[in-house]
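**Student:**
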Amino acid sequence: MEKLVYFGVCLLGCLAFCPTAEGARNRSLALPRSRCPPGAFYFQKMCYEYLKESASWQDAEVSCQYWRKGNLASILNEVEGAVISSYAKSVSSEKTAWIGLNAITLPEKLFWMWSDGSEYIPGSQLWDKRTPDTMISDNKCITLINLQKPNEKSRWKQTCCSDKRNYICKYKAAF
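Those letters in the sequence shown? Residues -23 to -1, 1 to 152, per mature numbering (1 follows the signal peptide of the UniProt record, and there is no 0), in order.
#1: In whole angstroms, give me the CA-to-CA distance for G47 and K86.
#2: On the three-state DSSP scale, how would you describe L31?
#3: Within the same chain, show all residues whose beta-carbon is closer than 8 Å to that of S40, passing over the 5 residues directly before and after it, in chain order.
#4: Beta carbon of I61, beta carbon of Y25: below 8 Å?
#5: Near E129, what residues of its chain come up, given a Cβ to Cβ distance below 6 Å and the 5 sequence neighbours on each side ignored?
#6: Mapping the DSSP letters down to three states, classify E71 as helix, strand or coil.
#7: Measuring CA to CA, which of W75, A59, S69 is closest to L49?
#8: Where do the N-terminal and C-terminal ends of the beta strand (DSSP E) with I122 fall, by residue?
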């Protein structure tokens, strides 16, 4: 009987302190993998990624589509706008960044739409003191501004699409 007890104690000791048992214990404590790549931010099943690559609006949109299978960020409500702005302010000291709102030219006026196909609903409180211009203009793309001012609300501003800026991509999170 003594031998059996001794054997049991030795076996338990080996299991408790051997490397494979340690690895098994630690695996149960492992954190779940991020749903977004490193540097990106997860919010409501989407990844948002601020890219510090100066590009025109069109080149930024193509980059988001090609590398991330997404689009420049659409901001569909004020909560999403606040979250994206806070994230952008935390990762960059730049003043502006492209988002996905742009205009297409219809006869004699501009029609605003999100690059991901989401519906643009006029009347957002995020505009920089005015609504978007619908007159024909070279300023057909929207930037998020006030990113360098932590205590000020970020706003949207209508600017020239060929300007070079950093940008924010939005794409589906991996599950």
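Glycine is no exception: its CB is placed at the ideal position from the N, C-alpha and C atoms. Note that this is a predicted model, so its numbers are computed, not measured.
**Tutor:** Reading off the structure:
#1: Counted from its first residue, the sequence shown places residue 47 at position 70. Counted from its first residue, the sequence shown places residue 86 at position 109. Whole-angstrom Cα-Cα distance: 28 Å.
#2: Stepping through the sequence shown from its first residue, residue 31 is reached at position 54. Looking at the sequence shown, residue 31 is not Leu but Ser. In the structure shown, S31 sits in a strand (DSSP, three-state: E or B).
#3: If you number the sequence shown from 1, residue 40 lands on position 63. Closer than 8 Å at Cβ, skipping near neighbours: L28, E30, A32, Y144, C146.
#4: As a first step, residue 61 must be located in the sequence shown, where it is residue number 84. As a first step, residue 25 must be located in the sequence shown, where it is residue number 48. Yes; because the gap between Cβ atoms is below 8 Å, this pair is in contact.
#5: Residue 129 sits at position 152 when you count from the first residue of the sequence shown. Short of 6 Å from the beta carbon of E129, and not among the five residues preceding or following it, lie these beta carbons of its own chain, in chain order: N123.
#6: Here the question's residue 71 lines up with position 94 in the sequence shown. It is coil, neither helix nor strand.
#7: Start at 1 with the first residue of the sequence shown, and residue 49 comes out as number 72. For the residues W75, A59, S69, the minimum Cα distance to L49 belongs to W75.
#8: Looking up residue 122 in the sequence shown gives position 145. That run of the beta strand (DSSP E) goes 118 to 122.
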